[in-house]
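In what follows, a single structure is set out as structure tokens and then discussed.
Protein chains: 2
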Amino acid sequence: MSEHPEAPVVPVGPYEPPYYVAVFTTVRTQDQSGYSETNARMEDLVKDVPGFLGMDHAQTPGGLGITVGYFRDADALAQWRSNAEHQVAQKRGRAQWYERYTLHVAKVERSHGFTRA
Amino acid sequence: MSEHPEAPVVPVGPYEPPYYVAVFTTVRTQDQSGYSETNARMEDLVKDVPGFLGMDHAQTPGGLGITVGYFRDADALAQWRSNAEHQVAQKRGRAQWYERYTLHVAKVERSHGFTRA
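Chains S and E, in that order, are what the protein sequence lines are.
Everything in the first sequence is counted per numbering that gives the first Met the number 0, starting at 0 for the first residue and increasing by one.
Everything in the second sequence is counted per numbering that gives the first Met the number 0, starting at 0 for the first residue and increasing by one.
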């Protein structure tokens, strides 16, 4: 999304359940050197995971960041979790970029969407 | 949270699975009259639901809003969903405040948290 700031913002739509969400909520440190490059690389990499459905991100300035990743099944999520480059990024996140975070991995049971007519 | 802007931002922590998340992603319209009052009222009301665990919210300026509500079980979520005042607010949301939204309701299977030492 950062590559297309002019594009309209569209949240990931509802998929047919079951599918998986990974809800990642973060508070970042003062030292964000290298973060945006790594984040852009992760956004690219995850797209190569078979079963990756999409990602939503919102960031309140100076506040909480929420990233939600959507995956077709547990295998897709496991593949992303075990990606070597992603694991290096996670480790650096704990060492440098994140003050706190929580990860909730959940199986979607129902979903729906609304678009203004 | 809006009542305590000076408080540190802390994401909802990991609970013992299973529990439920409701991931609500939104794009808002130009007409936001009445939104903040209703939103504040909903934030108060949901706290009275037995089994409500917490809520995270992030909003990119001019972009996507993500609200994640955490509930102990499906009954707690059902109670919130059927709350009469909440239903009126949902209806007004579709009529006035939201351009698009998606709701994903999911059962958490695993979770973990990190806090900088």
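Where is the CB? At the ideal position from N, CA and C, for every residue including glycine.
Treat the numbers as computed from the prediction; the structure is a model and nothing was measured.
Quick one, are the C-beta atoms of Met41 (chain E) and Ala88 (chain E) less than 7 Å apart?
The Cβ atoms of Met41 (chain E) and Ala88 (chain E) lie closer than 7 Å to each other.
Near His103 (chain S), what residues of its chain come up, given a Cβ to Cβ distance below 6 Å and the 5 sequence neighbours on each side ignored?
Within the same chain, His103 (chain S) has close Cβ partners Val22.
Shorter than 7 Å from the beta carbon of Ser1 (chain S) to some beta carbon of chain E?
With a pLDDT of only 47 at Ser1 (chain S), under the threshold of 50, the placement of this residue in the model should not be trusted; the figure read from the coordinates follows. Not closer than 7 Å to any Cβ of chain E, the Cβ of Ser1 (chain S) fails to qualify, so no.
Any heavy atom of the ligand NAD closer than 6 Å to the Cβ of Pro16 (chain S)?
The ligand NAD is absent from the structure shown, which contains no ligand whatsoever.
Can you name the start and end residues of the beta strand (DSSP E) that Ala105 (chain E) belongs to?
97-114 is the extent of the beta strand (DSSP E) around Ala105 (chain E).
Measuring alpha carbon to alpha carbon, tell me which residue in S:Val9, S:Ala116, S:Tyr100 is nearest Thr25 (chain S).
Cα-wise, what sits closest to Thr25 (chain S) is S:Tyr100.
Restricting to runs no shorter than 3 residues, where is the beta strand (DSSP E) found entirely within the region 35-93 of chain E?
Taken in chain order, the unbroken stretches of beta strand (DSSP E) that lie wholly in the region 35-93 of chain E and span 3 residues or more are 51-58, 64-70.
What does Arg93 (chain E) reach in chain S if we use C-beta pairs closer than 7 Å?
The answer, in chain order, is Phe113.
Rounded to whole angstroms, what's the CA-CA distance from Phe113 (chain S) to Ala116 (chain E)? Just pull it up for me.
Their backbone Cα atoms lie some 42 Å apart in a straight line.
Answer yes or no: does any C-beta atom of chain E fall closer than 7 Å to that of Leu52 (chain S)?
With 7 Å as the cut-off, Leu52 (chain S) does not count as an interface residue toward chain E.
Helix, strand or coil for Thr28 (chain E) per DSSP?
Coil.
Thinking C-beta only, is Phe70 (chain E) closer than 7 Å to Tyr14 (chain E)?
It is not a contact, given that the beta carbons lie outside the stated cut-off.
Under 7 Å, Cβ to Cβ, is there at least one residue of chain E near Ser32 (chain S)?
No, because no Cβ of chain E sits closer than 7 Å to the Cβ of Ser32 (chain S).
Indicate whether Glu98 (chain E) and Thr37 (chain E) have their beta-carbon atoms separated by less than 7 Å.
Contact: no.
What number of angstroms, rounded off, separates the C-alpha of Val48 (chain E) from the C-alpha of Trp79 (chain E)?
Computed Cα separation, rounded: 7 Å.
Could you tell me whether any Cβ in chain E is nearer than 7 Å to the Cβ of Glu42 (chain S)?
Glu42 (chain S) does not count as touching chain E.
Excluding the 5 residues flanking Met0 (chain S) on each side, which residues of the same chain have their C-beta closer than 6 Å to its C-beta?
Confidence in Met0 (chain S) is poor, its pLDDT being 44 and thus under 50, which makes the residue's placement unreliable; the coordinate value appears in the next sentence. In the same chain as Met0 (chain S), and ignoring 5 residues on each side of it, no C-beta atom comes closer than 6 Å to its own.
Cutting at 6 Å between CB atoms, please list the residues of its own chain near Ile65 (chain S), excluding the five before and the five after it.
So the qualifying residues of the chain are Thr24, Ala57.
Contact check, Leu63 (chain E) vs Pro10 (chain S), beta carbons under 7 Å
Going by beta carbons, Leu63 (chain E) and Pro10 (chain S) fall inside the 7 Å limit.
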